[in-house]
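In the UniProt record's numbering, the protein residues as written are 1 to 127. Reviewing the structure listed below.
Structure (structure tokens):
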């Protein structure tokens, strides 16, 4: 068996790598997607974008976002003990869920987790 020799890194000897900016990052990301047979799909940016993206990927129709928002909120309500400790700003649980059920309310990490569980899907976010 051949093993690669490991050397301690020395920050002073590392070459300076200039950040290439968002355009270059997007080009590299698109190349990775192309290799997997995938593409970037734009959805309407109206506060419902997470649920629109979910509807697009699961049904091919971003206009079904309301159904997925309701599904996620209902899952959170039914699994209160799992999600309540993660509500920020000391908002009452019911109030948080009522607000999240409103069209245009941005989803967060908790909704991402609930969506993954309720749809039994792996959801990967690239920012």
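Even glycine gets a Cβ: it sits at the ideal position worked out from N, Cα and C.
- Selection 78, 43 and 73 evaluated against residue 62 yields 43 as nearest (Cα-Cα).
- In this structure, the beta-carbon distance from residue 114 to residue 72 falls below 9 Å.
- Exclusion of the five residues before and after residue 104 leaves 46, 47 and 48 as the residues of its chain whose Cβ lies within less than 8 Å of its Cβ.
- Contact annotation, residue 75 with residue 38: C-beta distance approximately 27 Å; criterion of less than 8 Å not satisfied.
- Its Cα nearest to that of residue 122, the residue 54 stands out among 54, 34 and 33.
- For residue 99, the uninterrupted alpha helix (DSSP H) segment begins and ends at 93 to 100.
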